[in-house]
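**Q** Dropping a structure here in structure tokens format, bear with me for questions.
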Amino acid sequence: MQDEQNIKNPFASELCDYVQDRKTFYCMPGHKQGKGAPAFLKKAWGEKVFSYDITEVRRSDVLAYPKKELKYAQERAAEIMGAARTWFLVNGSSAGIHAILGAIVKPGEKVLVHRECHKAVLMGLVFSGAVPIYLEPVPNLPEYAYGSVDLQKVEELLGKHDIKLVLVTSPNYYGISLDVAAIAKICHEHDVLLFVDEAHGTHFTFHESFPMQALRAGADYVVQSMHKTLGGLYQTALLHSAGTSEFFDERVDHMLSMLQSTSPSALFLMSIDAALEEVHQKGEELYGALIEMLEALRGQLNTSKFGVVVPPDGVLSAGNFSGFDPCKIIFRSISMDEVNLIHIKEALSESYGIEIELAGEDHMLLTLSVADAVDLERTKKNLIHFAKTIDKLFTAGIGYVEEQDDFVDHRELPIFELTPRDAFYAKKRVQQISEAEHLISASMVCIYPPGYPLIIPGERIHEAAIHKIYHDHAKGFTIIGITEDAGELFIDVIEEPVK
Ligand SMILES: Cc1ncc(COP(=O)(O)O)c(C=O)c1O
């Protein structure tokens, strides 16, 4: 292991020393420490940032085969996060998800997948050729959020199929965490590895008020985005192993060397190293103060039009959840009919310079982080101003819709005819969505927010999904995986032989 004085920010410190003096570069990158960078960007970003945009110079080590500073930095990250091994990712949690699927599940082998997963999981199934057995969510949360998993069902499916890996997402977008410890116990009784997509819970390690982090709860592999709730640059993430299998850890090494760039910018790697060390040093105090302030403030954020929702204990304990993230603030409209809060989100952005995490029809989600703990008084003032602003906008008629909406969001597990990989390679045709019921989808349809797949390639398109597409399209939500032409919506379906 590295020597004492080098223990903090092993990679970021080394690179800072290295770029102190201007170098003569007869090697890549083409901008040569910014000398040849576009003038526009030099003005916007400053020149200094380019000097750190290097890779594989003598003192930067090699991400795919780390021997020095990157090895130390990843060891330090593992130590901070309580992992046996940690890998730095420069293509987000997505790369970690693909690597784990590719490393652990051979083409044709089975993986138990939480149906409410991120699309990166489904892309990973296309790459890896793993055969998904989908685990239906239990609809025990308000319909905007997602449900938990039925532990008995996990048990039953592990008994019935030869499953190599269980993959669940926890916490969800709203910060609600599954009971990972209970899922891990079942997996391990069946000798199956558990992988948790903890992209939204990277900060859980740093304060006891957060739900228990998945590694501590017994997961074998965990992926976490560094950019979602911590101070890493976009694209940065961590993949952890609990050390259950050296054999699979080595496969992960190989997979990541295939999936990640051979020229990762030191900007990303330094940002992981530095952000992690800083939150390790200061996180407990900062989160403690932020959570305390939010607890005291929550009641004051209720207005005549919006209530701040906290998942009640009853919901959490009854539904195989382990807790929720107090840094998520959910505002819900009190008059739930006749509202569409995406209009308020737009108005906040355009007229007030306020960006929020997401808005659905009847709720809005705010994500707070350590950045909001730096000046607590200001954060408090801003949140009170936010609550007053949405109230004002709503009173002025923004977010209010005239027509009564009796749409009900049914969630049923459809019939899966093909794996995502087989669907990807199958012959396709374009079909008007209104006539696509019972056909097999070749598209992955995701509705933003929050972007989880509504239709997965290979599934028979369900009537409820068609209704949801038309409903959410009319409400102005962004839908990917469909096309629009002359006011009609289309989807790619699999060409099936005529019976
Ligand atoms: C649950 C979940 N998993 C994985 C990802 C992918 O993470 P990244 O953007 O770091 O690749 C996301 C992104 O939004 C997500 O919400």
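Each residue of the sequence shown is one higher than the one before, counting from 7 in my numbering. The beta carbon of each residue, even a glycine, is placed where N, CA and C say it ideally should be.
Taking 7 angstroms as the cut-off, decide whether the C-beta atoms of valine 202 and valine 186 are in contact.
**A** Position 196 of the sequence shown, counting from 1, holds the residue named residue 202. Position 180 of the sequence shown, counting from 1, holds the residue named residue 186. Their beta carbons are under 7 angstroms apart, which means valine 202 touches valine 186 by this criterion.
**Q** Can you find the residues in the same chain that come closer than 6 angstroms, C-beta to C-beta, to serine 99, ignoring five residues on each side of it along the sequence?
**A** For the purposes of this step, residue 99 is taken as residue 93 along the sequence shown, with counting starting at 1. Ala205, Val229, Ser231 and Ala243.
**Q** Look at threonine 506 and proline 217 and say whether their C-beta atoms are less than 7 angstroms apart.
**A** Beyond the ends of the chain as shown, which are 7 and 505, falls residue 506; an answer cannot be given.
**Q** For glutamate 501, count the other beta carbons within 10 Å of its own beta carbon; 16 or more makes it buried, fewer makes it exposed. Which is it?
**A** Here residue 501 is taken as the residue at index 495 of the sequence shown, counted from 1. Answer is exposed; the Cβ neighbour count stays below 16.
**Q** Answer with buried or exposed for histidine 120, where buried requires no fewer than 16 other C-beta atoms within 10 angstroms of its C-beta.
**A** Here residue 120 refers to the residue found at position 114 when the sequence shown is read from its first residue. Buried, by the Cβ-count rule.
**Q** In chain order, what residues of the same chain have a beta carbon less than 6 angstroms from the beta carbon of proline 455, not counting five sequence neighbours either side?
**A** As a first step, residue 455 is located in the sequence shown; it is residue number 449 there, counting from the start. Taken in chain order, the residues that qualify are Leu364.
**Q** Kindly indicate which residue of Ser277, Val174, Ser154 and Ile192 has the alpha-carbon position closest to the one of valine 55.
**A** Within the sequence shown, residue 55 is the residue found at index 49, counting from 1. That would be Ser277, whose Cα lies nearest to the Cα of valine 55.
**Q** On the criterion of 16 or more Cβ atoms from any shown chain inside 10 Å, does leucine 419 qualify as buried, or is it exposed?
**A** Here residue 419 refers to the residue found at position 413 of the sequence shown. The residue in question, leucine 419, is exposed, as its Cβ has fewer than 16 Cβ neighbours within 10 Å.
**Q** Regarding aspartate 203 and ligand 1, is the C-beta to nearest heavy atom distance less than 6 angstroms?
**A** Counted from its first residue, the sequence shown places residue 203 at position 197. Yes, since a heavy atom of ligand 1 falls inside the 6 angstroms radius drawn around the Cβ of aspartate 203.
**Q** Over what stretch of residues does the alpha helix (DSSP H) that includes alanine 90 continue unbroken?
**A** Taking the first residue of the sequence shown as position 1, residue 90 is located at position 84. Element bounds for alanine 90: n/a, residue is neither H nor E.
**Q** Between threonine 235 and ligand 1, is there a pair consisting of the residue's CB and a ligand heavy atom that are separated by less than 6 angstroms?
**A** What you label residue 235 is simply residue 229 of the sequence shown in a count that begins at 1. Result no, Cβ not under 6 angstroms from ligand 1.
**Q** Expressed to the nearest angstrom, what Euclidean distance is found between the alpha-carbon atoms of tyrosine 476 and tyrosine 406?
**A** The residue labelled residue 476 in the question sits at position 470 within the sequence shown. The residue labelled residue 406 in the question sits at position 400 within the sequence shown. Roughly 19 angstroms separates the two Cα atoms.
**Q** Using 6 angstroms as the cut-off, classify the Cβ of threonine 208 as near or not near the heavy atoms of ligand 1, replying yes or no.
**A** Here residue 208 refers to the residue found at position 202 when the sequence shown is read from its first residue. No, since every heavy atom of ligand 1 falls outside the 6 angstroms radius drawn around the Cβ of threonine 208.
**Q** Under 7 angstroms between the Cβ atoms of leucine 296 and isoleucine 336?
**A** For the purposes of this step, residue 296 is taken as residue 290 along the sequence shown, with counting starting at 1. For the purposes of this step, residue 336 is taken as residue 330 along the sequence shown, with counting starting at 1. No, these two residues do not count as a Cβ contact at 7 angstroms.
**Q** Pull the bridge partners of glutamate 465 from the DSSP assignment, please.
**A** For the purposes of this step, residue 465 is identified with residue 459 of the sequence shown, where counting begins at 1. Looking at the DSSP assignment, glutamate 465 forms a beta bridge with Phe422.
**Q** Considering cysteine 452, what are the terminal residues of the beta strand (DSSP E) in which it resides?
**A** Counted from its first residue, the sequence shown places residue 452 at position 446. Start and end: 451 to 454.
**Q** Go ahead and label cysteine 193 buried or exposed: buried means 16 or more other beta carbons lie within 10 angstroms of its beta carbon, across all protein chains shown.
**A** Mapped onto the sequence shown, residue 193 falls at position 187. Answer is buried; the Cβ neighbour count reaches 16.
**Q** Should glycine 98 be listed as close to ligand 1, given that the test is whether its C-beta is under 6 angstroms from any heavy atom?
**A** What you label residue 98 is simply residue 92 of the sequence shown in a count that begins at 1. Flag set: Cβ of glycine 98 near ligand 1.
**Q** Between the region 176 to 190 and the region 126 to 137, do at least 3 Cβ pairs fall closer than 8 angstroms?
**A** Flag = no, the region 176 to 190 and the region 126 to 137 do not touch.
**Q** Where does threonine 425 land, buried or exposed, given buried means 16+ other C-beta within 10 angstroms?
**A** Position 419 of the sequence shown, counting from 1, holds the residue named residue 425. Looking at its Cβ environment, which holds 16 or more other Cβ atoms inside 10 Å, threonine 425 is buried.
**Q** Where does valine 186 sit, in a helix, a strand or coil, going by DSSP?
**A** Numbered from 1 along the sequence shown, position 180 holds the residue referred to as residue 186. Helix at valine 186.
**Q** Given this structure, state the Cα-to-Cα distance separating aspartate 9 from isoleucine 390, to the nearest angstrom.
**A** Sequence index remark: in the sequence shown, residue 9 carries index 3 (1-based). Sequence index remark: in the sequence shown, residue 390 carries index 384 (1-based). Bear in mind that a pLDDT of 49 at aspartate 9, under 50, signals an unreliable position, so the number given afterwards is only what the model happens to contain. About 48 angstroms.
**Q** Mind checking which residues open and close the beta strand (DSSP E) that includes methionine 370?
**A** Residue numbering aside, residue 370 sits at position 364 when the sequence shown is read from its first letter. Counting along the chain, the beta strand (DSSP E) containing methionine 370 begins and ends at 369 to 373.
**Q** Indicate, with yes or no, if ligand 1 has a heavy atom lying under 6 angstroms from the CB of serine 231.
**A** Mapped onto the sequence shown, residue 231 falls at position 225. Yes.
**Q** For glycine 165, which of Lys125, Lys116, Val345 and Met450 has the nearest alpha-carbon?
**A** Taking the first residue of the sequence shown as 1, we reach residue 165 at position 159. Of the candidates Lys125, Lys116, Val345 and Met450, the one whose C-alpha sits nearest the C-alpha of glycine 165 is Lys116.
**Q** For lysine 112 and alanine 136, I'd like the C-alpha separation in whole angstroms.
**A** Taking the sequence shown and counting its residues from 1, one reaches residue 112 at position 106. Taking the sequence shown and counting its residues from 1, one reaches residue 136 at position 130. When rounded, the distance between both Cα atoms is 6 angstroms.
**Q** Return helix, strand or coil for glutamate 98, following the three-state DSSP convention.
**A** Stepping through the sequence shown from its first residue, residue 98 is reached at position 92. Per the sequence shown, residue 98 should be read as glycine rather than glutamate. DSSP places glycine 98 in helix when its eight states are reduced to three.
**Q** To the nearest angstrom, how far is it from the Cα of glycine 207 to the Cα of aspartate 168?
**A** What you label residue 207 is simply residue 201 of the sequence shown in a count that begins at 1. What you label residue 168 is simply residue 162 of the sequence shown in a count that begins at 1. Going from the Cα of glycine 207 to the Cα of aspartate 168 covers about 30 angstroms.
**Q** Let's see if you can read the secondary structure: which residues bound the alpha helix (DSSP H) around valine 172?
**A** Counting from one through the sequence shown, the residue named residue 172 turns up at place 166. Per DSSP, valine 172 belongs to no alpha helix (DSSP H); it is in the beta strand (DSSP E), 169 to 175.
**Q** Quick check: the Cα distance between leucine 40 and glycine 52, rounded to an integer number of angstroms?
**A** Walking along the sequence shown from the start, residue 40 turns up at place 34. Walking along the sequence shown from the start, residue 52 turns up at place 46. For the record, residue 40 in the displayed sequence is glycine; it is not leucine. Spanning the two alpha carbons is a distance of roughly 9 angstroms.
**Q** Tell me leucine 245's beta-bridge partners as DSSP assigns them.
**A** Residue mapping note: residue 245 aligns to position 239 of the sequence shown, counting from 1. Answer is Trp93 and Val229, bridged to leucine 245.
**Q** Taking the C-alpha atoms as reference points, what is the distance between asparagine 15 and leucine 163?
**A** As a position in the sequence shown, residue 15 is number 9, starting the count at 1. As a position in the sequence shown, residue 163 is number 157, starting the count at 1. If I take the Cα positions, the gap works out to 44 angstroms.
**Q** So if DSSP puts alanine 365 in a beta bridge, which residue, or which two residues, is it bridged to?
**A** In the sequence shown, residue 365 corresponds to position 359, counting from 1. In the DSSP output, where bridge partners are listed per residue, alanine 365 has Met370.
**Q** Do alanine 471 and isoleucine 485 have their CB atoms nearer than 7 angstroms?
**A** Position 465 of the sequence shown, counting from 1, holds the residue named residue 471. Position 479 of the sequence shown, counting from 1, holds the residue named residue 485. In this structure, isoleucine 485 does not lie closer than 7 angstroms to alanine 471 by Cβ.
**Q** Say yes only if the C-beta of threonine 175 is nearer than 6 angstroms to one or more non-hydrogen atoms of ligand 1, and no if none qualify.
**A** Working through the sequence shown from its first residue, we reach residue 175 at position 169. Answer for threonine 175: yes, Cβ within range of ligand 1.
**Q** What's the gap between the Cα of phenylalanine 17 and the Cα of tyrosine 32?
**A** In the sequence shown, counting from the first residue as 1, residue 17 sits at position 11. In the sequence shown, counting from the first residue as 1, residue 32 sits at position 26. Answer to the nearest angstrom: the Cα atoms are 23 angstroms apart.
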